[in-house]
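Going by full-length UniProt numbering, the letters in the sequence shown line up with residues 1 to 592, in that order. Ideal placement from N, C-alpha and C gives every residue a C-beta, glycine not left out. Please read these numbers as outputs of a predicted model, since none were measured by experiment. Encoded as structure tokens, the structure appears first; notes follow it.
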Amino acid sequence: PPLHSTQSSRVPSTAVTSSAALSSHCLRPSIHPRGWRCDPLMGCPSDREAKAGPWRPHLNSFAKAKVLTASSTLKFIPEELVLYCRDFRVLRFRFHDSGLEPQASQVTLAIVQAQERSSGSAGTWYDSASSSAPTLLFESPCDWEKELRRLGAAGWRVSPVNERFDMATSLPKYLWVPSRLLDNELKRAFGHFNARRIPRLCWHHPGGSDLLRTAGFHADSDPEKEDVRSVEALMLAGHTQCVIVETAADLPSPAEIQLSYLKLRALCLPDSSVADEKWLSALEGTHWLDHIRACVRKASEVAALLAERSRSVILQESDDRDLNCLLASLVQTLSDPHARTQAGFQSLLQKEWVVAGHPFLQRLNLLRDNDREESPVFLLFLDCVWQLLQQFPASFEFTETYLVALHDSSYIPFFSTLLFNCQWERDRRKQGGCLAKETGGPYLPTIWDWALRYTTQQRAQFRNPAYTRGSGSVLNGSSAPVGAALSGNGAVYLFAKGALSPQTHLFPWKSGSLSRKGWRRAQSSESLSEQDRSLRSKPSGCPLQPDGLLLPASAGPLIRLWRRCYLRGSQEVQVMPAPGTLAGRVGVGLRL
Numbered sequence: 001p002p003l004h005s006t007q008s009s010r011v012p013s014t015a016v017t018s019s020a021a022l023s024s025h026c027l028r029p030s031i032h033p034r035g036w037r038c039d040p041l042m043g044c045p046s047d048r049e050a051k052a053g054p055w056r057p058h059l060n061s062f063a064k065a066k067v068l069t070a071s072s073t074l075k076f077i078p079e080e081l082v083l084y085c086r087d088f089r090v091l092r093f094r095f096h097d098s099g100l101e102p103q104a105s106q107v108t109l110a111i112v113q114a115q116e117r118s119s120g121s122a123g124t125w126y127d128s129a130s131s132s133a134p135t136l137l138f139e140s141p142c143d144w145e146k147e148l149r150r151l152g153a154a155g156w157r158v159s160p161v162n163e164r165f166d167m168a169t170s171l172p173k174y175l176w177v178p179s180r181l182l183d184n185e186l187k188r189a190f191g192h193f194n195a196r197r198i199p200r201l202c203w204h205h206p207g208g209s210d211l212l213r214t215a216g217f218h219a220d221s222d223p224e225k226e227d228v229r230s231v232e233a234l235m236l237a238g239h240t241q242c243v244i245v246e247t248a249a250d251l252p253s254p255a256e257i258q259l260s261y262l263k264l265r266a267l268c269l270p271d272s273s274v275a276d277e278k279w280l281s282a283l284e285g286t287h288w289l290d291h292i293r294a295c296v297r298k299a300s301e302v303a304a305l306l307a308e309r310s311r312s313v314i315l316q317e318s319d320d321r322d323l324n325c326l327l328a329s330l331v332q333t334l335s336d337p338h339a340r341t342q343a344g345f346q347s348l349l350q351k352e353w354v355v356a357g358h359p360f361l362q363r364l365n366l367l368r369d370n371d372r373e374e375s376p377v378f379l380l381f382l383d384c385v386w387q388l389l390q391q392f393p394a395s396f397e398f399t400e401t402y403l404v405a406l407h408d409s410s411y412i413p414f415f416s417t418l419l420f421n422c423q424w425e426r427d428r429r430k431q432g433g434c435l436a437k438e439t440g441g442p443y444l445p446t447i448w449d450w451a452l453r454y455t456t457q458q459r460a461q462f463r464n465p466a467y468t469r470g471s472g473s474v475l476n477g478s479s480a481p482v483g484a485a486l487s488g489n490g491a492v493y494l495f496a497k498g499a500l501s502p503q504t505h506l507f508p509w510k511s512g513s514l515s516r517k518g519w520r521r522a523q524s525s526e527s528l529s530e531q532d533r534s535l536r537s538k539p540s541g542c543p544l545q546p547d548g549l550l551l552p553a554s555a556g557p558l559i560r561l562w563r564r565c566y567l568r569g570s571q572e573v574q575v576m577p578a579p580g581t582l583a584g585r586v587g588v589g590l591r592l
């Protein structure tokens, strides 16, 4: 039952127990007066009381605090009751000298006992909602095998070489590697890449191409001939042509992403001091849209490389944990219609972000203990997907509402999915390691258990009624990267700065470093828009194999600000469009 304060304020009594450290900006004391209308997307927390876990009430008396259960006894008169709710609000009720002070103990214990009776068993709330989740978590070899069969990648297998994380702690337990490469041969390659993150398959194109990702070559390694052969087998993957894509050469660094995001956040606050006539200039000065444009353009170019002919395309980043996650996911979203379904998209995020070792704990900085490493790379990716949703509204099964919910859920340190830096850390916590002891040990659900937070009616807003399964390709943007045409067998190319250049060697160990000679200068943004127009006017019959391929336009005003996400505090966004429409429900959004 809801609680009533002495000021006739109504507070929904929904809460959970969690001893994990919480982000300061996720905990906001909140008491809603009578007449308060529930968020149409979030709903009233009281609507979900049946799924709520137990509270963690605290009683304060000067310098001491006590955690209460239904069997607790009070040996002092409490001065304050603090409720830590399941939606991560903190509700405080003070007992003054007059009024409820004589009955403070009775009122407090009655609240705790009533809540414990209504909540039932504290251990059943998770299982009731998680059984129907269709998302592949890629924590078992069965998930990897299932996805490999879906892709039809006959020349690849699931390797358990890192099952105990003894090869690389930041990599997943299982890897997709060439079938002809034995695990003993595979082990020879780990030491020649930064953080031992070797090349491995991300996605197999129906036309035969393979998308791989890897860390940079280890500068101090001195491979033997057998080691070189193992690395060569990994990178060529049975193909006669290989394109190495330097991810960091075209995309912003994590530090640049963080600086841009801080400027954007300050600009979008309701109390921003920027004058209206200078707002658009200030938005351009954040460079946030420039970063989105660069990511979308780069992903389109890589997707075109994969579709053009059968080849190995390798995404290479120094540590393979930030921009490679973003680019690999974005390329698959453009190329694979399955990744544009809700279940496929969630499985994609599990594979390319969660188990692949994106350092969520550092980048999202939910514990507020490492500001230097903070960078919202994942949120930049969600913004890129929103841009695609605007250009191809019938090609996605999920909606803007879903992306807003996912964006906001990433700030809640309640889910194991985005709370750790890699699968190794996540598994240590599950097994009762030091991380579990430090954070207290409650089992944390995955972020994909939407039923824990949303009703059936609310989850229905995640589904796009305009979605057309099996819709054809849409080529709004450029269909091929700028540079020399790729031809010939046994060729190795480097793709960076929007240009392709042939390479003498596949590895830096033969010549000291990869050759940078022969690069062609990338086109300007003006010429890119001209290329988009000319491509759309071309007749069919291009050499692409674009089954389900989306090629977005990225020039000029086609990349827009995600208003429903960043401007939710604006009065204009709150009143337009009508609240009864889907867009209106999205506009209200989730308040952090």
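Limits of the beta strand (DSSP E) - the one that Tyr-493 falls within: Where Tyr-493 is concerned, the enclosing beta strand (DSSP E) stretches over 491-496.
At which residues does the alpha helix (DSSP H) containing Ile-292 begin and terminate? That run of the alpha helix (DSSP H) goes 288-308.
So the beta strand (DSSP E) Val-82 belongs to, where does it begin and stop? 80-84 is the extent of the beta strand (DSSP E) around Val-82.
Could you give the first and the last residue of the continuous alpha helix (DSSP H) run that contains Arg-426? In the DSSP assignment, Arg-426 falls within the unbroken alpha helix (DSSP H) covering 423-430.
By DSSP, does Trp-176 sit in helix, in strand, or in coil? DSSP places Trp-176 within a strand segment (E or B) once states are collapsed to three.
For Leu-500, which residues does DSSP report across the bridge? Beta-bridge pairing links Leu-500 to Phe-495.
Per DSSP, cross-strand counterpart(s) of Ser-159: The partner list for Ser-159 (beta bridge, DSSP) reads Leu-175.
Per-residue burial, Ser-209 [other beta carbons within 10 Å of its own, 16 or more giving buried]: Flag for Ser-209 reads buried.
Please work out which residues of its chain come closer than 7 Å, Cβ to Cβ, to Ala-356, disregarding the five sequence neighbours upstream and downstream, and give them in chain order. Correct list, in chain order: Pro-172 and Cys-325.
Compute the Euclidean distance between the alpha carbons of Glu-226 and Lys-187, then round it to the nearest angstrom. Approximately 11 Å, taken between the alpha carbons.
For the region 408-421 against the region 444-453, are there 3 or more C-beta pairs whose distance is under 8 Å? In short, these stretches touch, since the Cβ pair count reaches three.
Would Arg-368 be called buried (16 or more neighbouring beta carbons within 10 Å of its own) or exposed? The residue in question, Arg-368, is exposed, as its Cβ has fewer than 16 Cβ neighbours within 10 Å.
Which same chain residues end up closer than 8 Å to Leu-364 when comparing Cβ atoms and leaving out the 5 residues on each side of it in sequence? Correct list, in chain order: Glu-374, Pro-376, Phe-378, Ser-410, Tyr-411 and Leu-418.
Do you know whose CA, among Leu-330, Arg-428, Cys-295 and Arg-180, lies nearest Ile-559's CA? Measuring C-alpha to C-alpha distances from Ile-559 to each of Leu-330, Arg-428, Cys-295 and Arg-180 identifies Cys-295 as the nearest.
Restricting to Cα atoms, I'd like to know which of Pro-199, Leu-137 and Val-161 is closest to Ala-343. Nearest option by C-alpha distance: Leu-137.
C-alpha gap between Val-385 and Thr-399, whole angstroms: So the alpha carbons of these two residues sit roughly 10 Å apart.
For the putative contact between Gly-569 and Leu-259, defined by C-beta atoms under 8 Å, what is the C-beta separation to the nearest angstrom? About 22 Å separates the two Cβ atoms, so there is no contact after all.
Three-state secondary structure assigned by DSSP to Ser-410: Ser-410: coil per DSSP, three-state reduction.
For Leu-251, the three-state DSSP class (helix, strand or coil): The answer is coil: DSSP assigns Leu-251 none of H, G, I, E or B.
I'd like the list of long-range same chain contacts for Ala-237, defined as Cβ closer than 6 Å, with 5 residues on each side in sequence excluded. Closer than 6 Å at Cβ, skipping near neighbours: Pro-178, Asp-210 and Ser-312.
Where the beta strand (DSSP E) containing Ser-335 begins and where it ends: No beta strand (DSSP E) holds Ser-335; the alpha helix (DSSP H) holding it covers 323-335.
Nearest-angstrom beta carbon gap, Val-158 and Leu-148 [assumed within contact, 8 Å]: That belief holds up - the Cβ atoms of Leu-148 and Val-158 are roughly 6 Å apart, short of 8 Å.
Is the distance from the Cβ of Leu-330 to the Cβ of Val-243 below 9 Å? No, these two residues do not count as a Cβ contact at 9 Å.
Give the straight-line distance between the Cα atoms of Asp-383 and Arg-200, rounded to the nearest whole angstrom. For the pair Asp-383 and Arg-200, the Cα-to-Cα distance works out to about 27 Å.
Which whole-angstrom value is the C-beta distance of Leu-175 and Asn-162, which I expect to be below 8 Å? About 6 Å; that satisfies the 8 Å criterion.
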